[in-house]
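Undergrad:
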Amino acid sequence: PQFAGLADVSISGEVPVEGEITVPVSPHGPDEDFSTLDEPVRDTIMRDLKAVGKKFIHVMYPKKSSALLRDWDLWGPLVLCVSLALMLQGGAADSKDDGGPQFAEVFVIIWFGAVVITLNSKLLGGTISFFQSLCVLGYCVLPLTVAMLVCRLVLLAGAGTISFIIRLIVVLAMFGWSTLASTAFLADSQPPNRKALVVYPIFLFYFVISWMILTFTPQ
Amino acid sequence: MATVDDLKFQEFDDAANLLAANPDATTISINEPAEISKNQHGRLQEPGREEDDELLGTDDSDKTELLAGQKKSAPFWTFEYYQTFFDVDTYQVLDRIKGSVFPVPGKNFVRLYIRSNPDLYGPFWICATLVFTIAVSGNLSNFFIHLGKPTYHYVPEFRKVSIAATTIYAYAWLVPLALWGFLMWRNSKVMNIVSYSFLEIVCVYGYSLFIYIPTAILWIIPQKVVRWVLMVFSLCLSGSVLVMTFWPAVRDDNRRIALATVATIVLLHALLAVGCLAYFFDAPELDFPAPIIPAHNGTTVVTKS
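Written out as structure tokens, the structure is:
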């Protein structure tokens, strides 16, 4: 008979049997996804804030972790972009044409730049999804936002050569950190013989942001 | 003698295998309609065909020859269509940049490097880099020129970035459009040996702008002579790439029109370079400002600016 060989097979207790048996005894059953409507608003907000905070930590200590990629969100990039654009306001200019970037210009550069870089990496054959890439590029602006904060504090103390050198060092270091962090997250999803083609626009993007930060001169 | 097998429709990968097995066989490549006239005349007069023939043994040209007509077959509203314009590897981009900086006399940039695989990566990112390089270098050079003056207050001049971007992207995309339209129009009157697709022209223009990136950085040096020497040098290099590309496309035409076309190409290129130098980089001052003459009886102080 066909199944003669199976006569010897026995399933012992050590063989794991997989499956799911849900017994809805508690209110946290299959309806868990919908029950966030009943939770206090504080819980909802804290959950998102914790996710954003976790990603900030991932950016400052870039290890290869998929948390940043998998659960993408754009809150962090928005907060960073807005705070960076706000801190870049208030620069001195004789006429409007010669000053630093306006709020809208910073906003557009960051978001449009991130979109273009994402499109570029996808067109070159990258496997990362659109919003994941936007998320990574946005979060990796964090070191540069910190640099902007430091620059503004240093400029409060004075605007001489020493303050310029300090600002230069800080901005350079943060620029390197941003580029390395975003490359660490994005490099794996690129085809191997095109990695440099994908990394260069990221370098250019953070270079432009660093330039805007470094050339900020207060009144 | 044609066998039954030869008359059967064959998939492209079979043809590639056949070619690999028999590299000396004659091949017929099926191209888009716009390139058919180019190929017909290519076979008659063969300026670039020898080059292509001797490269038939390599995989790269196998693919480009056989798939040249198949490459852009995805409909234009799909993502895959645009991916075909980014089908380049790092070394290819670097090769094309090298080819634009060191033009080989007599070799056509498009034939040698582009070879039916025009990419949009190079033109787009070279233009982006050039925009920011010019803006940043201009700002830096102005800073150094005016550094010692007591009345000088540094400004980032960010508005110039948008002006630079508009100028350079307009040049790199509208001039090729106009040139392509013009070549198509002349092509309908006079059968030319070579005619280029719009993307190939954009590619040549984009890569030819690369030399201006190091030139813009070197323009920080506040010496008029140095700047003009650099300008002439880079204009010669990138201009020669353009001239060597487009001369074969127009030389069969009426002599005067051909010369006028080539002259216009070079003139526009020069105009871009001169305009950028004049607008983004303040003129360096050759003399030191004259010492301030102490005022007598309250008369005004004279300084030479």
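Keeping their order, the protein sequence lines are chains W and V.
The C-terminal residue of the first sequence carries number 219 in the working numbering, and the numbering is unbroken.
The C-terminal residue of the second sequence carries number 1305 in the working numbering, and the numbering is unbroken.
Positions of the beta carbon are idealized from the N, C-alpha and C atoms, including for glycine.
Should residue 165(W) be labelled buried (16 or more other beta-carbon atoms within 10 Å of its own) or exposed?
TA: By 1-based counting over the first sequence, the position of residue 165(W) is 165. Exposed is the call here.
Undergrad: Exposed or buried, which one is residue 1040(V) when buried takes at least 16 other CB atoms within 10 Å?
TA: Numbered from 1 along the second sequence, position 40 holds the residue referred to as residue 1040(V). Any reading at residue 1040(V) must be qualified, since the residue scores a pLDDT of 42, below 50, and its modelled position is unreliable; the value itself is stated next. Here residue 1040(V) is exposed, its C-beta having fewer than 16 other C-beta atoms within 10 Å.
Undergrad: Could you please give me the residues that DSSP links to residue 1150(V) through a beta bridge?
TA: As a first step, residue 1150(V) is located in the second sequence; it is residue number 150 there, counting from the start. According to DSSP, residue 1150(V) bridges with nothing at all.
Undergrad: Comparing the C-beta of residue 1113(V) with each C-beta of chain W, is any distance below 8 Å?
TA: Working through the second sequence from its first residue, we reach residue 1113(V) at position 113. Output row for residue 1113(V): interface = no.
Undergrad: Going along chain V in order, which residues have a C-beta closer than 9 Å to the C-beta of residue 200(W)?
TA: What you label residue 200(W) is simply residue 200 of the first sequence in a count that begins at 1. For residue 200(W), the residues of chain V that pass the 9 Å Cβ criterion are 1125, 1129, in the order they occur in the chain.
Undergrad: Chain W beta carbons: is any one of them nearer than 8 Å to that of residue 1089(V)?
TA: If you number the second sequence from 1, residue 1089(V) lands on position 89. Chain W contact via Cβ: present.
Undergrad: Could you tell me if residue 1290(V) is buried or exposed, where buried requires 16 or more neighbouring beta carbons within 10 angstroms of its beta carbon?
TA: The residue labelled residue 1290(V) in the question sits at position 290 within the second sequence. Interpretation of residue 1290(V) is limited by its pLDDT of 48, a score under 50 that renders its predicted location unreliable; the figure taken from the coordinates is listed afterwards. So residue 1290(V) ends up on the exposed side.
Undergrad: Excluding the five sequence neighbours on either side, which residues of its own chain have a C-beta within less than 6 Å of the C-beta of residue 1093(V), listed in chain order?
TA: Here residue 1093(V) refers to the residue found at position 93 when the second sequence is read from its first residue. Taken in chain order, the residues that qualify are 1122.
Undergrad: State the DSSP-derived secondary structure class of residue 1062(V), mapped to helix, strand or coil.
TA: One-based indexing of the second sequence puts residue 1062(V) at position 62. Reliability of the predicted coordinates at residue 1062(V) is poor, the pLDDT of 45 falling under 50, and no value is obtained from them.
Undergrad: What is the DSSP secondary structure of residue 218(W), reduced to helix, strand or coil?
TA: Reading the first sequence from its first residue, position 218 is the one you call residue 218(W). In the structure shown, residue 218(W) sits in a strand (DSSP, three-state: E or B).
Undergrad: Measuring straight from C-alpha to C-alpha, what distance separates residue 172(W) and residue 140(W)?
TA: Stepping through the first sequence from its first residue, residue 172(W) is reached at position 172. Stepping through the first sequence from its first residue, residue 140(W) is reached at position 140. Inter-residue distance for residue 172(W) and residue 140(W) is about 15 Å (C-alpha atoms, whole angstroms).
Undergrad: With DSSP as the reference, label residue 1171(V) as helix, strand or coil.
TA: One-based indexing of the second sequence puts residue 1171(V) at position 171. Of the three classes helix, strand and coil, the one that applies to residue 1171(V) here is helix, per DSSP.
Undergrad: Cutting at 7 Å between CB atoms, please list the residues of its own chain near residue 114(W), excluding the five before and the five after it.
TA: Your numbering for residue 114(W) matches position 114 in the first sequence. So the qualifying residues of the chain are 134, 137, 138.
Undergrad: Would you say residue 160(W) faces chain V, with C-beta separation under 8 Å as the test?
TA: The count along the first sequence starts at 1 and reaches residue 160(W) at position 160. False, the Cβ-Cβ gap to chain V never drops below 8 Å.
Undergrad: In the structure shown, what three-state DSSP assignment does residue 132(W) receive?
TA: Residue 132(W) sits at position 132 when you count from the first residue of the first sequence. Judged by DSSP in its simplified three-state form, residue 132(W) adopts helix.
Undergrad: Does the stretch 1139–1159 of chain V touch the stretch 1185–1200 of chain V, meaning 3 or more C-beta pairs lie closer than 8 Å?
TA: no
Undergrad: For a contact defined as C-beta to C-beta under 7 Å, what are the partners of residue 194(W) on chain V?
TA: Counted from its first residue, the first sequence places residue 194(W) at position 194. In chain order: 1089, 1090.
Undergrad: How should residue 1091(V) be labelled, buried or exposed, when 16 other C-beta atoms within 10 angstroms of its C-beta is the threshold for buried?
TA: The sequence position of residue 1091(V) within the second sequence is 91, counting from 1. Under this definition residue 1091(V) is an exposed residue.
Undergrad: What does the Cβ neighbour count give for residue 39(W), buried or exposed, with the cut at 16 atoms within 10 Å?
TA: In the first sequence, counting from the first residue as 1, residue 39(W) sits at position 39. With fewer than 16 other Cβ atoms within 10 Å, it is exposed.
Undergrad: Name the two residues that bound the continuous alpha helix (DSSP H) containing residue 158(W).
TA: In the first sequence, counting from the first residue as 1, residue 158(W) sits at position 158. Residue 158(W) -> no alpha helix (DSSP H), and no H or E assigned at all.
Undergrad: State the CB to CB distance for the pair residue 1237(V) and residue 1269(V), rounded to an integer number of angstroms; the pair is presumed to be in contact (CB under 8 Å).
TA: Reading the second sequence from its first residue, position 237 is the one you call residue 1237(V). Reading the second sequence from its first residue, position 269 is the one you call residue 1269(V). No, residue 1237(V) and residue 1269(V) are not in contact; Cβ-Cβ is about 11 Å, not under 8 Å.
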